[in-house]
Amino acid sequence: GYNIQNFDLPYLMQRADVLRVSSFPFLGRIRGRRSQLRDASFQSRQLGRRDTKVVTVGGEGGGVLLREHKLRSYTLNAVSAHFLHEQKEDVPHSIITDLQHGSDQTRRRLALYCLKDAVLPLRLLERLMVLVNHVEMARVTGVPLRYLLARGTQVKVVAQLLRQAMQEDLLLPVVKAEGGDDFEGSPIATLDFSSLYPSIMMAHNLCYTTLLPPGAAQRYGLSPTDYIRTPTGDLFVTAAVRRGLLPRILEGLLAARRRAKEELSRETDPFRRHVLDGRQMALKVSANSVYGFTGAQAGRLPCLEISQSVTGFGRQMIERTQQLVESHFCVANGYPADAKVVYGDTDSVMCHLGVPTVAEAMALGREAAVWVSSHFPPPIKLEFEKVYWPYLLISKKRYAGLCFASRPDVHDRLDCKGMEAVRRDNCPLVANLVSACLQRILLHRDPQGAVAHAQDVISDLLCNRVDVSQLVITKELTRAASQYAAPQAHVRLAERWGGGAWGGGRGGGGGGWGGEVGT
Numbered sequence: 001g002y003n004i005q006n007f008d009l010p011y012l013m014q015r016a017d018v019l020r021v022s023s024f025p026f027l028g029r030i031r032g033r034r035s036q037l038r039d040a041s042f043q044s045r046q047l048g049r050r051d052t053k054v055v056t057v058g059g060e061g062g063g064v065l066l067r068e069h070k071l072r073s074y075t076l077n078a079v080s081a082h083f084l085h086e087q088k089e090d091v092p093h094s095i096i097t098d099l100q101h102g103s104d105q106t107r108r109r110l111a112l113y114c115l116k117d118a119v120l121p122l123r124l125l126e127r128l129m130v131l132v133n134h135v136e137m138a139r140v141t142g143v144p145l146r147y148l149l150a151r152g153t154q155v156k157v158v159a160q161l162l163r164q165a166m167q168e169d170l171l172l173p174v175v176k177a178e179g180g181d182d183f184e185g186s187p188i189a190t191l192d193f194s195s196l197y198p199s200i201m202m203a204h205n206l207c208y209t210t211l212l213p214p215g216a217a218q219r220y221g222l223s224p225t226d227y228i229r230t231p232t233g234d235l236f237v238t239a240a241v242r243r244g245l246l247p248r249i250l251e252g253l254l255a256a257r258r259r260a261k262e263e264l265s266r267e268t269d270p271f272r273r274h275v276l277d278g279r280q281m282a283l284k285v286s287a288n289s290v291y292g293f294t295g296a297q298a299g300r301l302p303c304l305e306i307s308q309s310v311t312g313f314g315r316q317m318i319e320r321t322q323q324l325v326e327s328h329f330c331v332a333n334g335y336p337a338d339a340k341v342v343y344g345d346t347d348s349v350m351c352h353l354g355v356p357t358v359a360e361a362m363a364l365g366r367e368a369a370v371w372v373s374s375h376f377p378p379p380i381k382l383e384f385e386k387v388y389w390p391y392l393l394i395s396k397k398r399y400a401g402l403c404f405a406s407r408p409d410v411h412d413r414l415d416c417k418g419m420e421a422v423r424r425d426n427c428p429l430v431a432n433l434v435s436a437c438l439q440r441i442l443l444h445r446d447p448q449g450a451v452a453h454a455q456d457v458i459s460d461l462l463c464n465r466v467d468v469s470q471l472v473i474t475k476e477l478t479r480a481a482s483q484y485a486a487p488q489a490h491v492r493l494a495e496r497w498g499g500g501a502w503g504g505g506r507g508g509g510g511g512g513w514g515g516e517v518g519t
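Numbering (full-length UniProt numbering), first residue to last: 1 to 519.
Following this line, the structure appears as structure tokens:
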């Protein structure tokens, strides 16, 4: 059958359950094995997310997913027209009951419709040689047929690795995925590197004027102590040989920022505080833009050796920080629990220190920041930033939690990073729903209340009780609509509005934000 796993078999099993036909769900060829119905999902970068139904049928291969062919539509009608040049019988779903209850002629038409629905999938299997191809793929990769139909490409590579490793008496490591679906009910301390990329450039003297071309160290007779080798294999002379221009520029910017922050901490006048805060933020942006300047390939003076070395050092530092925290803050060294870094981002790490209160987590977090900073060259400095309690980690760069930054007894705010509540590429309904659910989970500790609220909102949406203004999705045009190679819906909408621009009148180039309601 075609798509029988998602419609026909679940419908028949649910109907049999309603009618109390207990002998029906034994659909496979293995006697005594009951078929089970369950929800499943599959996600890959190529195919996106697919939510499906799975009916376990013993002795049966299951349905075929035509993932090898890129078509505009994957309905049986469209696929048959493309490959077989024939289509289903034209019988709308709404008249099937009338045909069944009609005359012999109408029932004949319905029978032909059902027969064609059964024959077309078999002809597709034959034409596309699906069974032969999948059997050969299963033999080559060493995975069951059902894995080829329901899982991605990684399982095939892993199976071949396991097969080859077993022949050579090797074992594959068990890798724990970073950023899993975790909910931490105990405090999580967040440690942040202050001005990470500028600090790396200053600490390691990374500059156009200090970069050594291949073979230059030997030509100039430099000793190994005169230069450093970055994680990317590039060579830069040390500050003792020559201080770079970029490190000196960064030193001036960061020194000016420190002075602005010191003045800000002493200032009481609201207007002056606003001015000083703007100054220190501008200096921070200027310092960070130096790294971006070196990595912009279309810029005035790109130097990938510098930018790639900076990111390489950054990755090493996050890994080193995790090792330092977990090896030092442990029971063996007299601490209450073994510390665990639950998440590491570009310039910060989040540590589960095993203490029950926010105050204890703050104290240990500050101690950990000092300990780690002592293992890196100045001006690299790890600082204690805040404590999350509770903390919800969805995936990499997507998390939320109650933030305690200034006081251990009162949270400052509900932090949310990378989730739909703070993203601009979805409609207000989704943002408000996610925000409300996070408040119920984190503030009120009521996950079931969050589920109930989500169900209520979905019900309102299905029953047309949601105002259309809550369904507007805002998208940005960064260039003229005609310059998009694969225009999306909002680009087409901008073209219909006239000239490929929105927000700023008819005609003209790209730029600006516009809204659309998806249907």
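Idealized CB from N, CA, C, for every residue including glycine.
Three-state secondary structure (DSSP) of residue i
i: E495; result: helix
i: R258; result: helix
i: E476; result: strand
i: V325; result: helix
i: V21; result: coil
i: P390; result: strand
i: C427; result: coil
i: I249; result: helix
i: A405; result: coil
i: E385; result: strand
i: L212; result: strand
i: A189; result: strand
i: E267; result: coil
i: A369; result: helix
i: H134; result: helix
i: T346; result: coil
i: K116; result: helix
i: G292; result: helix
i: N77; result: helix
i: D8; result: helix
i: A421; result: coil
Close beta carbons around residue i, own chain, < 6 Å, minus the five adjacent residues each side
i: T413; result: Reading off the sequence, residue 413 comes out as Arg, not Thr. The residues are C403.
i: A359; result: P408
i: A405; result: K386, D412
i: L112; result: E89
i: A159; result: T141, G142, V143
i: residue 543; result: The first residue shown for the chain is 1 and the last is 519, placing residue 543 beyond what the model contains.
Beta-carbon proximity list for residue i, same chain, < 7 Å, skipping 5 on both sides
i: L250; result: P198, M201, M202, A287, V290
i: R123; result: L84
i: L438; result: A400, L414, C416, A421
i: V155; result: V143, Y147
i: F313; result: I200, H204, T230, P231
i: M281; result: none
i: L171; result: A165
i: residue 535; result: Absent from the model: residue 535. The displayed extent of the chain is 1 to 519, so no value can be given.
Residues near residue i by beta carbon distance below 8 Å, same chain, minus five either side
i: L110; result: V91, I96, L99, Q100
i: residue 568; result: Given a span of 1 to 519 for the chain in the structure shown, any question on residue 568 remains unanswerable.
i: H375; result: R320, L324
i: P447; result: R440, I441
i: V355; result: S186, P187, P336, A337, A361, L364
Residue burial classification, residue i (beta-carbon count within 10 angstroms, cutoff 16)
i: R386; result: A quick correction: the sequence has Lys, not Arg, at residue 386. Burial call: buried.
i: F271; result: exposed
i: R423; result: exposed
i: Y208; result: exposed
i: Q441; result: For clarity, residue 441 is Ile in the given sequence; the question names Gln instead. Per the 10 Å Cβ criterion, buried.
i: G365; result: buried
i: G32; result: exposed
i: N133; result: exposed
i: T75; result: exposed
i: C351; result: buried
i: C463; result: exposed
i: L304; result: exposed
i: I380; result: buried
i: T190; result: buried
Residue-chain proximity (residue i, chain D), Cβ-Cβ < 8 Å
i: D409; result: No chain D appears in the structure shown, which is made up of a single protein chain.
Beta bridge counterpart(s) of residue i as assigned by DSSP
i: C416; result: A400
i: I228; result: F236
i: V341; result: C351
i: S395; result: R398
Cβ contact (3+ pairs, closer than 8 Å) linking the segment 379 to 393 and the segment 343 to 353
The answer is yes - the segment 343 to 353 touches the segment 379 to 393, with three or more Cβ pairs under 8 Å.
Could you check whether the segment 165 to 174 touches the segment 322 to 334, counting it as contact only if at least three pairs of C-beta atoms, one from each stretch, sit closer than 8 Å?
Judged by pairs of C-beta atoms under 8 Å, the segment 165 to 174 does not touch the segment 322 to 334, as fewer than three such pairs exist.
Would you call the segment 293 to 310 in contact with the segment 232 to 247, where contact means no fewer than 3 C-beta pairs closer than 8 Å?
Contact between the segment 293 to 310 and the segment 232 to 247 is established, with three or more Cβ pairs separated by less than 8 Å.
Three or more C-beta pairs closer than 8 Å, one from the segment 469 to 479 and one from the segment 421 to 440: is that the case here?
Taking 8 Å as the limit for Cβ pairs, the verdict is that the segment 421 to 440 does touch the segment 469 to 479.
Cβ pair count under 8 Å reaching 3, the segment 237 to 247 against the segment 317 to 326:
Output reads no: the segment 317 to 326 does not touch the segment 237 to 247.
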